[in-house]
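Colleague: Quick one: structure below, then a few questions.
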Amino acid sequence: MTSFLVRRILGALMILLIISAVTFYLFYAVPRDPARAFCGKICPPETLQLVRHNLGMDEPLFVQYWHWLAGIFAGRELVQFGDCPAPCLGYSFATQEPVFGAIVDRFPVTLSLTFGASIVILAFGIVTGMIAAWKVGQPLDKIASASSVIGASLQIYFVGPLLAFYLVDTMQLIPRPSYVPITDDPVGWFTHLLLPWVVLSIIFTANYTRMTRSQMVEQLAEDYVRTARAKGMSNRTVFFRFAWRGAMIPIVTIFGVDLATLLGGAIITEQTFTLHGIGELAVRAVQNNDLPMLLGVTIVGAAMIVLLNIVVDVLYAFIDPRVRLT
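The UniProt record's numbering numbers the first residue of the sequence shown as 1 and each following residue consecutively.
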């Protein structure tokens, strides 16, 4: 297990290095001038040249990338902004605020949104799929299957405003979506994020319902299940003690892959409900040609996805004893 974790962590660092390098180089392929975006619309040529020098943009591209990468671990001195302690991700061209500080301030919003939606997805998707598999061929199975098809067809930017209009504005069942720190008010944190969780999870819940049902039906037809039944075990024992473990392995695998899509959906959900999370920073960085903010958001998002995939790999051994990590 230790050697496995070491290899996975080293591989994760290599992936993050490649992602940061590709993002850095692709940014300069865009015809827009980052220095001009920092300087403003009215910027004389001599001032623009000074800004490029102060931002270190007059150096070769690989030197700029090396300075940025070294600043994450050792900090760096920026002529335009002064000392930037580690982990230094630079300063935003648009707002002149530290990139790392801006991400830390907005990270709880995106984390809360993603975490809550993940719980809803796994709870409702897996439970509904298992019920459909338990009642396969019966009306309850058909209702769950039809609902999953409808849910998978919906889009966040359509369902979000529609549910907000009926549940918040018309019926006033829940408060308007916003972010309340969980340390200040756990109940307020839950109620204000409940609607974004539901909206973000609708599409994914439908997919996991269908996936869980198909995997459970497949596992129930395996030889070891028939052997367990031949030994006199009840259907309930076979279903919940044996079959579900084999069914969960591919579901957990797909969930690790879907985390990237879930983060992408969180960006759309933040825009839909005006939640000031990392998604807002990403959209604003693209609009403003803000390289430091764009790199920072990309690295943090990639790190979250890579870390959670490592956790998913480790969970294999706990879900199914047949899986061994070596």
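Cβ atoms here follow ideal geometry from the backbone N, Cα and C, with glycine treated the same way.
(1) For Val297, I'd like the list of residues in its chain whose CB is within less than 7 Å of its CB, leaving aside the five on either flank, ordered along the chain.
(2) Do the CB positions of Trp68 and Gly90 come within less than 8 Å of each other?
(3) Near Leu16, which residues of its chain fall below 7 Å by C-beta distance, leaving aside the five closest residues on each side in sequence?
(4) Where does Cys39 fall in DSSP's three states?
(5) Out of Tyr208, Ile19, Arg8, Asp290, which one is the CA nearest neighbour of Asp258?
(6) Per the DSSP calculation, residue 393 is bridged to which residue(s)?
(7) Excluding the 5 residues flanking Tyr25 on each side, which residues of the same chain have their C-beta closer than 8 Å to its C-beta?
(8) Which two residues bound the contiguous alpha helix (DSSP H) that contains Arg241?
(9) From this set, Phe81, Ala21, Ala86, which residue's C-alpha is nearest Gly75's C-alpha?
(10) Work out the CA separation of Pro186 and Arg52 for me, nearest whole Å.
(11) Who pairs with Tyr91 in a beta bridge, going by DSSP?
(12) Hey, how far is the Cα of Val109 from the Cα of Val199?
(13) Please check the pair Gly265 and Ile174, which I expect to be a contact at CB under 8 Å, by giving their CB distance rounded to whole angstroms.
(14) Can you tell me which of the three DSSP states Asp184 falls into?
(15) Going by beta carbon distance, what residues of the same chain come within less than 6 Å of Gly71, once the five residues before and after it are set aside?
(16) Taking Val159 and Ile202 to be in contact with their CB atoms under 8 Å, please state how far apart those CB atoms are, rounded to whole angstroms.
(17) Do you know how far the Cα of Leu294 is from the Cα of Ile267?
(18) With DSSP as the reference, label Asn289 as helix, strand or coil.
(19) Which same chain residues, not among the five before or five after Val217, have their C-beta less than 7 Å away from its C-beta?
(20) Which class does Lys231 belong to by DSSP, given the choice of helix, strand or coil?
(21) Measure the CB-CB distance between Val238 and Ala230 and report whether it falls below 8 Å.
(22) Could you round the C-beta distance between Tyr316 and Val225 to whole angstroms and report it? I think they count as a contact, below 8 Å.
Modeller: According to the data block:
(1) Same-chain partners within the cutoff: Ile103, Ile278, Leu281, Ala282, Ala285.
(2) yes
(3) Ile299, Ala302, Ala303, Val306
(4) helix
(5) The alpha carbon of Asp258 has as its nearest neighbour, out of Tyr208, Ile19, Arg8, Asp290, the alpha carbon of Tyr208.
(6) A question about residue 393 goes unanswered here, because the residues of the chain that appear run from 1 up to 326.
(7) Leu61, Tyr65
(8) Unbroken run through Arg241: none, as it is neither H nor E.
(9) Closest option to Gly75, Cα to Cα, is Ala86.
(10) 46 Å
(11) Pro98
(12) Cα-Cα distance, rounded: 16 Å.
(13) Wrong, their Cβ atoms sit about 20 Å apart, outside the cutoff.
(14) coil
(15) Cys88
(16) Right, their Cβ atoms sit about 6 Å apart.
(17) 14 Å
(18) coil
(19) Ala133, Val136
(20) coil
(21) Cβ atoms of Val238 and Ala230: not closer than 8 Å.
(22) Between Val225 and Tyr316 the Cβ distance is about 20 Å, and since that is not below 8 Å, they are no contact.
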